[in-house]
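Right, one structure below, let's go through it.
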Amino acid sequence: MSPHEAGEVSVTQPVPAPVYLREYQQLLLANVLVDRAGRPLRSGRCPTCDSLVDGYTCPGSLPCPRCRAEPGGRCRRPSGHAADRWHSSRITAAEAVDQRRAATNDSTLLAPWPS
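Residue numbers (the numbering used here): 1 to 115.
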């Protein structure tokens with residue numbers, strides 16, 4: 001049985017994949033991209049990190065496994081000063097959340113690019 005016969009529709013982005021980060025950001029700001037259900041992805045600024053929202057989990061929305069920063073808080077250096085980047089373990093935790101979302105066919109994730 002094909003995916004179409006099974007009731008699954010394979011949604012892809014309506015535009016070619018961007019090459020540069022700036023192009024990706026422009027597509028987000030233009031609200032051109034779609035989620036896996038084919039709905040327009042409405043981007044804005046993430047309240048946690050001020051980056052553009054793209055449907056993926058922001059590392060800052062999770063607690064940091066390394067420094068124990070609370071969700072919404074910045075990672076901390078051993079000295080107690082704010083770190084200028086997320087700890088890699090926090091990024092890995094966010095990626096794991098998104099992998100679980102993808103495994104359950106979460107329709108709010110960004111649709112893949114056409115091949």
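Don't be surprised by glycine CBs; every beta carbon is placed ideally from N, CA and C.
CA-to-CA, the gap between residue 59 and residue 27 works out to about 22 angstroms. Residue 40 is bridged by DSSP to 34. In this structure residue 89 is exposed. Its beta-carbon is surrounded by fewer than 16 other beta-carbon atoms within 10 angstroms.
Taking the Cβ atoms as the reference, residue 101 lies roughly 11 angstroms from residue 110, outside the contact range of under 8 angstroms. In the structure shown, residue 82 adopts extended strand secondary structure according to DSSP, grouped into three states.
Residue 50 and residue 62 have their C-alpha atoms roughly 15 angstroms apart. Counting only residues of its own chain and dropping the five nearest sequence neighbours on each side, residue 40 has a CB closer than 7 angstroms to the CB of 31 and 34. Counting along the chain, the unbroken alpha helix (DSSP H) around residue 26 starts and ends at 21-29. Distance from residue 11 to residue 55 at the Cβ level is roughly 13 angstroms; contact not present, criterion being Cβ atoms closer than 8 angstroms.
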